[in-house]
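Numbering (my numbering), first residue to last: 50 to 668.
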């Protein structure tokens with residue numbers, strides 16, 4: 050089976066990126082994993098070997114590396130446990146009915162752990178220290194810029210009882226949800242090492258190729274990242290249609306997967322999985338693995354053609370999905386994205402099942418192709434995913450909402466009114482409240498794009514998303530990259546937008562203060578009371594129900610968007626400078642002819658107080 054990207058163009062892209070990494074200002078590290086793992090399904094213990102080839106594309110000499118050992122978080126007294134016990138609004142999935150930490154109650158045979166038992170660098174033993182979820186490794190020999198080195202490790206682990214994302218025996222009865230299960234090399238980039246302890250939130254990984262052999266009880270069906278290399282030995286729905294499977298002796302099967310150019314590897318397994326496939330026209334093969342539970346079968350069958358529609362929507366509106374496979378797998382504790390696959394809980398109403406699938410599938414673009422550091426810029430993956438999956442749900446599920454983003458705006462307003470907002474530059478682990486993190490990442494992150502469409506125009510927004518994808522796929526984009534892309538597409542200056550929206554808690558608040566007669570014409574006065582500046586669309590509705598719009602560009606934008614309402618005449622006004630809190634303009638018609646004046650008829654500007662955005666001529 051092929052396991053390369055689609056077409057020569059993708060290969061050339063990777064080669065050009067490698068050249069840029071070596072010769073240009075941008076660089077990124079590369080790592081190739083070769084792992085062999087034995088899983089005991091009776092006691093949930095596993096052992097493995099890992100050969101890891103690490104390429105240092107940085108300009109720096111490295112004397113130390115770090116690995117993530119995520120499973121060590123699932124132990125009483127861990128940082129994850131302590132954070133769970135100290136945060137005022139703990140995640141309900143991780144607590145019992147009395148809001149006590151489920152991690153704190155884990156017994157010795159229920160905890161998770163992951164330990165390196167031996168480690169060499171190019172055949173020489175190295176010193177390493179395990180600091181809970183981080184393995185600190187002192188190199189036997191420094192790794193120079195452009196150099197490669199090979200680490201060989203033996204490791205052992207215990208799969209924890211399902212608490213968060215990973216684990217065994219989930220609430221829905223899935224045996225193994227194996228995410229964050231292997232020793233994973235930490236990311237090193239222009240900011241340095243990102244060896245963040247695991248406290249239940251976000252992740253980052255190094256791009257590379259994975260070659261994984263998994264030996265497990267032969268009755269278990271496996272799905273996840275990567276292309277199965279030995280389907281005719283495995284069967285379980287992976288064999289070529291109409292062919293016979295070569296039966297293997299013994300009680301186990303060894304599944305061989307390869308995954309090219311990914312930054313994570315997840316798998317799930319259960320003896321009761323049903324395995325369906327669906328070929329997307331001019332797209333990837335979809336795999337669906339879900340429990341043989343009569344209560345959910347109908348929903349999971351209905352989900353399959355909808356997933357194909359979601360795949361087409363995202364490929365059209367972001368950019369072509371570059372792999373030949375994607376798997377939707379029942380497991381985990383909610384919904385979580387992984388390379389080429391997702392784990393989702395499956396006992397849901399159909400609308401919820403479709404919604405979580407759309408969201409996690411969209412993460413294939415915003416995180417698993419555009420690989421931001423979601424620990425530092427969580428709003429770029431969760432928010433952008435929320436934006437595009439909201440559009441997909443509105444079209445594919447025929448929700449037909451006039452403003453599909455209304456929920457995101459309501460969430461953001463509730464956060465502002467709570468007084469608990471923190472800037473989006475806050476590290477994902479450092480939010481005071483889960484509530485504040487969730488809205489900042491998902492809702493406010495989504496509004497970054499929908500409101501950007503208000504600023505530069507909807508067509509320019511979608512052009513920006515396409516260009517952002519083409520320029521930064523298989524890289525690690527940062528906030529400045531999406532801002533600069535939008536500037537190049539729109540011709541506007543947008544540093545003010547990125548700064549105020551993501552780096553501060555400044556709010557948008559404009560209002561109409563007065564509408565009065567002025568020598569037979571009408572003078573409209575407005576005020577900016579929020580610190581964040583914006584351009585303004587103003588709709589005027591006349592007594593005869595005709596309409597006209599006025600547009601007040603923001604001076605520091607150094608540009609103007611096209612008329613968002615081409616069927617309505619528009620007058621472009623003088624720029625509104627930010628430091629000038631008051632602004633007025635004149636309508637060349639008497640006040641008696643005017644029915645109403647409305648700021649932002651699109652409702653896409655996140656004005657926190659909209660009561661003064663409308664003036665009505667009361668007679």
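A virtual CB, placed ideally from N, CA and C, is assigned to each residue, including glycine.
For the candidate residues the options, whose alpha-carbon lies nearest to that of residue i?
i           : options            : result
residue 468 : 299, 661, 555, 571 : 555
residue 337 : 263, 297, 207, 390 : 390
residue 185 : 395, 244, 345      : 244
residue 411 : 397, 501, 457, 361 : 361
residue 524 : 255, 199, 88, 205  : 255
residue 257 : 78, 377, 287       : 78
residue 363 : 448, 413, 86, 308  : 413
residue 557 : 571, 654, 644      : 654
residue 297 : 285, 326, 520, 501 : 285
residue 644 : 564, 133, 569      : 564
residue 324 : 313, 406, 376      : 376
residue 269 : 478, 622, 321      : 321
residue 416 : 518, 392, 449      : 518
residue 128 : 661, 181, 140, 314 : 181
residue 606 : 553, 541, 666      : 541
residue 31  : 175, 634, 575, 642 : With the chain represented from 50 up to 668, any question about residue 31 goes unanswered, as that position is not in the structure.
residue 448 : 481, 400, 480      : 400
residue 215 : 104, 119, 407      : 119
residue 388 : 568, 665, 273, 501 : 273
Just checking my contact of residue i with residue j at CB under 8 Å: how many whole Å lie between their CB atoms?
i           : j           : result
residue 220 : residue 211 : 7 Å
residue 432 : residue 491 : 6 Å
residue 226 : residue 203 : Not quite, the Cβ-Cβ distance comes to about 24 Å (not below 8 Å), so this is no contact.
residue 333 : residue 370 : 6 Å
residue 496 : residue 457 : 6 Å
residue 583 : residue 494 : So it is not a contact: roughly 18 Å between Cβ atoms.
residue 510 : residue 528 : Wrong, their Cβ atoms sit about 16 Å apart, outside the cutoff.
Between the C-alpha atoms of residue i and residue j, what's the straight-line distance to the nearest angstrom?
i           : j           : result
residue 50  : residue 75  : For residue 50, the predicted model reports a pLDDT of 37, less than 50, meaning its position is unreliable; a value from the coordinates is still stated below. Cα to Cα, the separation comes out at about 34 Å.
residue 66  : residue 445 : Unreliable placement is indicated for residue 66, whose pLDDT of 45 sits below 50; the coordinate value is still reported in the next sentence. Cα to Cα, the separation comes out at about 35 Å.
residue 81  : residue 164 : 20 Å
residue 121 : residue 459 : 38 Å
residue 94  : residue 551 : 43 Å
residue 72  : residue 101 : Below a pLDDT of 50, predicted positions are generally treated as unreliable, and residue 72, at 45, falls in that range; the measurement from the model is reported next regardless. Each residue's alpha carbon lies about 24 Å from the other.
residue 522 : residue 534 : 13 Å
residue 70  : residue 111 : Residue placement at residue 70 is flagged as unreliable, the pLDDT there being 41, under the threshold of 50; the coordinate-derived value follows with that caveat. So the alpha carbons of these two residues sit roughly 16 Å apart.
residue 344 : residue 142 : 23 Å
residue 178 : residue 207 : 19 Å
residue 398 : residue 349 : 10 Å
residue 652 : residue 452 : 8 Å
residue 232 : residue 632 : 59 Å
residue 155 : residue 90  : 19 Å
residue 199 : residue 171 : 5 Å
residue 580 : residue 656 : 11 Å
residue 455 : residue 440 : 12 Å
residue 436 : residue 318 : 31 Å
residue 330 : residue 409 : 21 Å
residue 56  : residue 368 : Below a pLDDT of 50, predicted positions are generally treated as unreliable, and residue 56, at 41, falls in that range; the measurement from the model is reported next regardless. So the two alpha carbons sit approximately 15 Å from each other.
residue 116 : residue 264 : 24 Å
residue 54  : residue 290 : Bear in mind that the predicted position of residue 54 carries a pLDDT of just 40, short of 50, making it unreliable; the figure below should be weighed with that in mind. If I take the Cα positions, the gap works out to 23 Å.
residue 113 : residue 147 : 43 Å
residue 342 : residue 223 : 11 Å
For residue i, report the span of its alpha helix (DSSP H) as first-last.
i           : result
residue 412 : Neither: residue 412 is in no alpha helix (DSSP H) and is coded neither H nor E.
residue 534 : 528-539
residue 463 : 455-467
residue 128 : 128-135
residue 551 : 544-552
residue 686 : The question about residue 686 has no answer, for the chain in this structure spans 50 to 668.
residue 515 : 507-521
residue 362 : 346-366
residue 434 : 433-445
residue 283 : 280-283
What first and last residue would you give for the beta strand (DSSP E) that runs through residue i?
i           : result
residue 559 : 559-567
residue 483 : Not the beta strand (DSSP E): residue 483 falls in the alpha helix (DSSP H), residues 483-487.
residue 588 : 585-591
residue 165 : 162-170
residue 310 : 301-311
residue 191 : 183-192
residue 393 : 390-393
residue 379 : 374-379
residue 243 : 241-243
Three-pair Cβ contact test at 8 Å for the region 609-618 versus the region 587-600: The region 609-618 is in contact with the region 587-600.
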